[in-house]
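Comments concern the structure below.
Protein chains: 2
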Amino acid sequence: MKRIADSTVRRLSVYLRFLEGSSQRGLTTVSSAELARHGGTTSAQVRKDLSFFGSFGKRGLGYSVPELTNSIRDILGLGREWNVVIVGAGKIGTALAQYDGFRPRGFHVVAVYDTDSGKVGTRWDGIVVRDFSQVARDLASQPIDIAVLAVPAEGAQDAVRRLVDAGVKAILNFAPVQLKVPPDVAVRSVNMAMELEGLSYELSSRAR
Amino acid sequence: MKRIADSTVRRLSVYLRFLEGSSQRGLTTVSSAELARHGGTTSAQVRKDLSFFGSFGKRGLGYSVPELTNSIRDILGLGREWNVVIVGAGKIGTALAQYDGFRPRGFHVVAVYDTDSGKVGTRWDGIVVRDFSQVARDLASQPIDIAVLAVPAEGAQDAVRRLVDAGVKAILNFAPVQLKVPPDVAVRSVNMAMELEGLSYELSSRAR
DNA sequence: ACATGTGAACTGCTTCACAGCG
DNA sequence: CGCTGTGAAGCAGTTCACATGT
């Protein structure tokens, strides 16, 4: 199958959010123009994005909210539960472990890991902090789909090596480093300092 | 001046990080090939990125580490301090307030805001939690460059309206909504649920 | 000899515009 | 008639390849 652009997948997430809101407000159909307005794009872009995966609309009418919702859920692989572990029980790690935007979308945080023996064994919101050195053993019994990396920059690449060795195939990286992974492992990075630098650049370049 | 692509600015951040590391390891020059290897790109891309802003290298030699470091810092607007406020003293907000990757890069967190009167007045790491309803008054006396938005989705657009009214020109958004802002306000969004959905998509599409 | 800087070619995402169908 | 679905055109970002300077 043809490779889908990252930007397209991101927009599908945005459309899905709007559809869920529309459903709650009792709407039964939406047009590509409405989806576009709320997604910050154009109606042609919306239709093109969807066309990669099929024909979901009715000409002259628009899209059925529940049908399109289900289709996008399917496309994004949200028709199942994903097991997630968080690596690093520091400030960001614990904030993420307690964040409740994950569960309603099928991302189930099953464990938090840390190397600090002082933290191991404690519980956050019912989730145990486990010893990271045991991660390979744990994953052998309970399969993990996604690892969220919330460790300091220094330890990040090493943690990734161990996760990849243990069979993890997807990583969401919060450490401010460019991770190196085998081609069969998917990585997304969120780098807050880098985002602030982007804003700094914009503010500066506008002043010129 | 010509509009610079977002992707270029992001890569400059990556180069800068590598340069700072190189400096610490005592290197005095780097080639575009080295920068490329660590930034996950190609040497031609590195040279093209830099060429938008000037000629920083020496043919046959490469780039002087301290000179290029300073040049990129300048380009990104990091030659000064930026005042940052965090809006929302929940889990993510407090984690961000205490995150110490900001200060070394010139981003100074001067206040945390919340609407919950129970939180107002408390201190986190020496930073006071202030009443968000006073934000306009506060900004009149102390100028703010960047607001980091860490509030629930419901309140995000309203918080943005008040920040924009108070004169804020740059927002880093952690709320899972598509913000609407005037064209002179810069926004970057970090949406963790959306990143997980991207990974979910990749895992699913590979399985097919 | 070596590595930069840059026009030119290329690739791929976005926008246009209209045929097709309810 | 309205809105989708989609080839074709347009545009932007990346890669190529080489002239240029040290």
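Sequences listed follow chains A and B, in order.
So for the first sequence, this note's numbering puts the first residue at 1179; every next one is plus one.
So for the second sequence, this note's numbering puts the first residue at 1179; every next one is plus one.
Every residue gets a Cβ at the ideal spot worked out from N, C-alpha and C, and that includes glycine.
Please report the distance separating the alpha-carbon of residue i from that of residue j.
i        : j        : result
S1233(B) : F1285(B) : 28 angstroms
F1231(B) : G1304(B) : 39 angstroms
K1236(B) : G1218(B) : 23 angstroms
D1294(B) : A1334(B) : 15 angstroms
S1467(A) : K1226(B) : Past the boundaries of the shown model lies residue 1467(A); chain A is included only from 1179 to 1386, so the question cannot be answered.
I1322(B) : V1368(B) : 20 angstroms
N1351(A) : D1316(B) : 35 angstroms
V1307(B) : E1332(B) : 21 angstroms
I1253(A) : T1207(B) : 47 angstroms
L1256(A) : D1278(B) : 35 angstroms
M1370(A) : I1270(A) : 11 angstroms
R1340(A) : R1189(B) : 27 angstroms
I1349(A) : P1354(B) : 20 angstroms
S1383(A) : V1365(B) : 15 angstroms
R1181(A) : S1185(B) : 20 angstroms
D1336(B) : S1200(A) : 20 angstroms
V1346(A) : L1377(B) : 12 angstroms
E1375(B) : Q1202(B) : 38 angstroms
G1204(B) : S1191(B) : 20 angstroms
A1385(B) : Q1223(B) : 32 angstroms
W1260(B) : V1363(A) : 37 angstroms
A1318(B) : A1183(B) : 33 angstroms
E1380(B) : V1187(A) : 9 angstroms
P1282(A) : M1179(A) : 30 angstroms
T1247(A) : Y1241(A) : 10 angstroms
S1249(B) : S1249(A) : 48 angstroms
Would residue i be called buried (16 or more neighbouring beta carbons within 10 Å of its own) or exposed?
i        : result
Q1320(A) : exposed
L1213(A) : buried
P1361(B) : exposed
M1372(B) : buried
P1244(B) : exposed
L1194(B) : buried
S1210(B) : buried
A1267(B) : buried
L1239(B) : exposed
S1229(A) : exposed
A1273(B) : buried
T1220(B) : exposed
Once the 5 residues before and after residue i are set aside, which same chain residues still bring their CB inside 8 angstroms of it?
i        : result
D1343(B) : A1314
V1262(B) : F1280, F1285, H1286, V1287, V1288, I1322, D1323, I1324, A1325, V1326
R1251(A) : L1194, G1257
V1359(A) : V1338, V1342, I1349, V1365
E1198(A) : T1247
Hey, is residue i's beta-carbon within less than 8 angstroms of any beta-carbon in chain B?
i        : result
D1343(A) : no
I1270(A) : yes
W1302(A) : no
H1286(A) : no
D1294(A) : no
P1354(A) : yes
R1237(A) : no
E1198(A) : no
K1226(A) : no
S1382(A) : yes
L1205(A) : no
R1366(A) : yes
Spatial neighbours of residue i within its chain, please: C-beta separation below 7 angstroms, excluding the five flanking residues on both sides.
i        : result
R1165(A) : Residue 1165(A) is absent from the structure shown; chain A starts at 1179 and stops at 1386.
F1196(A) : L1213, H1216, G1217
V1329(B) : V1265, G1266, A1337, A1353
D1292(A) : G1266, A1267, V1298, V1307, F1310
Is residue i close to chain A, meaning its C-beta is less than 8 angstroms from at least one C-beta of that chain?
i        : result
Q1335(B) : no
Y1241(B) : no
K1180(B) : no
Y1379(B) : yes
V1192(B) : yes
Considering only residues of the same chain and omitting the five flanking positions on each side of residue i, which have a CB-CB separation below 6 angstroms?
i        : result
Q1276(A) : D1303
L1357(A) : V1338, N1351, V1365
T1300(B) : V1307
V1290(B) : I1264, A1267, A1275, I1305, V1307
G1296(B) : none
Just to check, is the beta-carbon of residue i closer than 7 angstroms to a non-hydrogen atom of the ligand PLP?
i        : result
A1371(A) : Summarising the ligand content, the structure contains no ligands, and the ligand PLP is consequently not present.
Return the chain-ordered ranges of every beta strand (DSSP E) run that is complete within the region 1226-1310 of chain B and spans a minimum of 3 residues.
1240-1242, 1260-1265, 1285-1292, 1305-1309
*Considering only residues of the region 1329-1358 of chain B, which uninterrupted beta strand (DSSP E) runs meet the minimum length of 3 residues and lie entirely inside it, listed in chain order?*
1348-1351
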